[in-house]
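Asker:
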Amino acid sequence: MMSVQTWMPFLFLVIGVFHAVTAWREYQRTGATDTPVFKAKSRVAGIFIVVSLFLFIYL
């Protein structure tokens with residue numbers, strides 16, 4: 000059984016990568032970075048990836 004310290008950073012990283020990929024797909028579809036969907040997805044991706052890095056370091 001994996002502990003919370005093991006799977007929680009991976010969960011945040013997977014969520015962040017998912018949002019990064021969907022933001023990239025939105026950019027590929029529209030060709031612009033000023034769309035609300037791209038901005039929201041990229042911000043959420045950045046937040047989740049940074050939180051996962053902090054969890055990897057401090058847990």
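FYI, the numbering for the sequence shown is 0 to 58, going by numbering that gives the first Met the number 0. Every residue, glycine too, gets a C-beta built ideally from N, C-alpha and C.
Would a C-beta distance cut-off of 8 Å place Val50 and Phe17 closer than the cut-off?
Answerer: By 1-based counting over the sequence shown, the position of residue 50 is 51. By 1-based counting over the sequence shown, the position of residue 17 is 18. In this structure, Phe17 does not lie closer than 8 Å to Val50 by Cβ.
Asker: Could you spell out where the alpha helix (DSSP H) holding Thr5 opens and where it closes?
Answerer: What you label residue 5 is simply residue 6 of the sequence shown in a count that begins at 1. Per DSSP, Thr5 belongs to the alpha helix (DSSP H) from Val3 to Thr29.
Asker: Use the C-beta contact count for Ala39: other C-beta atoms within 10 angstroms, 16 or more gives buried, fewer gives exposed.
Answerer: The residue given as residue 39 occupies position 40 in the sequence shown. Label assigned to Ala39: exposed.
Asker: Using CA coordinates, which residue listed in Ser2, Gln4, Thr5 and Val13 is at the minimum distance from Phe47?
Answerer: The residue you call residue 47 lines up with position 48 of the sequence shown. Checked all of Ser2, Gln4, Thr5 and Val13; the closest Cα to Phe47 is Val13.
Asker: Report yes if the CB atom of Glu25 is closer than 8 Å to the CB atom of Val36, and no otherwise.
Answerer: Numbered from 1 along the sequence shown, position 26 holds the residue referred to as residue 25. Numbered from 1 along the sequence shown, position 37 holds the residue referred to as residue 36. Taking 8 Å as the Cβ cut-off, Glu25 and Val36 qualify as a contacting pair.
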